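Numbering-wise, the UniProt record's numbering puts 286 at position 286 of the sequence shown, and it's gapless, one number per residue. Down below is the structure, laid out as structure tokens.
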Amino acid sequence: MAEAHVGRVGSAIALILLSVLLLSGADAAVKAVSADFPLWQIYVVRSLFAVPILAALAAFAAPGRMVRIVRPPVVLRSLLLTGMWIAYYAALPHMDLSIAATALYTTPLFIAALSSWQGREAIARRTLAGIVLGFLGVVVILRPAGTDFSPWALLPILGAVLYAGAAVLTRTRCAQESPIVLALSLHACLLAAGLLGWLVAAAQPPGTANPFLLGWWTPMRGADWGLMVALGCVMVVVALGVAAAYQRAPPAVVGTFDYAYLVFAAAWGFLIFGERLDAVALLGIALIVAAGIFVVSGTE
């Protein structure tokens, strides 16, 4: 029995590590092509591959539940996550990948705050200390009083708030939903957001000030299509891998290893973009990671 438990925990850790490795690589790829393709185009093309795969999986694994993608809580969750991805990706061309990732990973702090605000969970002293420590880390890493501060740095924080809202909603209103159904709903929403962005971009004059958000459709070569196919497949694997990891082991364990995303993001940032973190940034990252682990383990 103990060996089986250890095996499930070990497989959960392996799944979450693989998932965040793939996700960080996909996010680095989006940042790398942000000068070539508008965000909405990436959403449309990527989701055109992800949605059929997820629909086929849902039809096979949860045939009676596909209609549940239109349930209001499921739709609201997808809208919140779509807003999160838009906010996070919109910031990537303007800041280091590792800094944006760290700001996004303040999510556990907002989850604890939202859960308490809803009256569902009281904030323990340990959790409150973690929240304070985490926001101190945000101030350290973003340096709002510094000359290099950019308002774009606030977008990943907004993404963290939206992500936290989606997480609380998942736990309270979508806990019994199939992970495949939730993933299908999300990618359908991302596809719809991309198509809406296409319409908005088409109404903009040429040479818009923000081509990543409002640029026109850019012709794609074979390698570009290959990248989008890979991104679509990666997002499917990540969605299923994260869900399976949290089903196999306690959230405190999985949530702790989820922070490996920051290590991978820093590695991609260094290898692809030549990003180097100074001592102050490293201190801020350490504070946020410590706070997140503190909060996650304290709510187990």
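The beta carbon of each residue, even a glycine, is placed where N, CA and C say it ideally should be. Nothing here was measured: the structure is a model prediction, and the numbers come from that model.
- For Leu155, the closest alpha carbon among the candidates Lys31, Tyr88, Pro72 is that of Tyr88.
- Taken atom to atom, the span from the alpha-carbon of Leu23 to that of Tyr259 is near 12 Å.
- With fewer than 16 other beta carbons inside 10 angstroms of its own, Phe149 counts as exposed.
- Apart from the 5 residues on each side of it in sequence, Pro38 sits with its Cβ closer than 8 Å to the Cβ of Gly197, Ala201, Pro211, Phe212, Leu213, Leu214, Gly215, Trp216, Trp217, Thr218 in its chain, given in chain order.
- Where Trp198 is concerned, the enclosing alpha helix (DSSP H) starts and stops at 179-202.
- Taking each of Val296, Ala166, Val289, Leu54 in turn and checking the Cα distance to Ile99, the smallest one comes out for Val289.
- In the DSSP assignment, Ser34 falls outside any alpha helix (DSSP H) and carries neither an H nor an E.
- Short of 8 Å from the beta carbon of Gly269, and not among the five residues preceding or following it, lie these beta carbons of its own chain, in chain order: Ala28, Asp96, Leu97, Ser98, Glu275.
- Comparing alpha-carbon positions, the option among Val51, Val140, Val242 lying closest to Val254 turns out to be Val242.
- For Trp85, the three-state secondary structure derived from DSSP is helix.
- Separation of Ala50 and Gly165 (C-alpha to C-alpha, rounded to the nearest whole angstrom) is 24 Å.
- For Ala62, the three-state secondary structure derived from DSSP is coil.
- Assigned with DSSP and collapsed to three states, Ala124 falls in coil, not helix or strand.
- A direct Cα-to-Cα measurement between Leu277 and Val234 gives close to 27 Å.
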